[in-house]
Every structure is written in structure tokens, then in C-alpha cells.
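S.K.:
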Amino acid sequence: MTKADLHRLVEELPDASVEVAAVYLERAKDPVLAALDAAPPDDEPYTDEERAADAAALAAYRRGEFTPIEDLIAELDRPASAAG
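1 is the number of the first residue of the sequence shown in this note's numbering; add one for each residue after it.
#1: Return helix, strand or coil for Asp-15, following the three-state DSSP convention.
#2: Is the beta carbon of Ala-21 sitting closer than 8 Å to the one on Ala-28?
#3: Secondary structure at Pro-31, three-state DSSP: helix, strand or coil?
#4: In three-state DSSP terms, what is Asp-5?
#5: Quick check on DSSP: helix, strand or coil for Glu-49?
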């Protein structure tokens, strides 16, 4: 596809699609975002073990068993020699 092809496509867009197309074109200007957008979806199967682990984690969260974000940030900010 050439830039001329893209110009033609833009001219053919219905008015309702202009804003959506603009979002994609803005993202395409950033090479990292463009690469992420073009990457294939995750094709690994979602296993029964993963489902069980996710369900257990969600249940623990709902029981209040979690580390507040402030504590996680403080832990990450500590020098490696102070951790542990």
C-alpha cells in the first residue's frame, strides 16, 4: 500500500468513521505503537490451570488479601540491598 492509496481510502471514509481512523493514524506515527497494533494476538490457549489460578487470585482479592499499591511502590523504590 502506498501513501496515495491511503489518501484515497481517507477520502472514501464515511464521516462517521473519520474520528476512529484518526486514532489509528495517530498511533501509526509512533513506530512502537504501530508494531504493537500490527502484532498478532496471543495464540496461546487459556488453560484450565490458568483459569483456576485466576479464580483463586480473584477470590483472595475479594477477601481483602492483597498488597496495597502504596506498599508495592515503596518496595520497588527500596534499594536492592535493603530488600529482603
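Even for Gly, the Cβ is constructed at its ideal location relative to N, Cα and C.
M.R.: Quick answer:
#1: Here Asp-15 sits in helix by DSSP.
#2: Taking 8 Å as the cut-off, the Cβ atoms of Ala-21 and Ala-28 do not count as close.
#3: Correct three-state label for Pro-31: helix.
#4: In the three-state reduction of the DSSP assignment, Asp-5 falls in the helix class.
#5: Glu-49 falls in the helix class under three-state DSSP.
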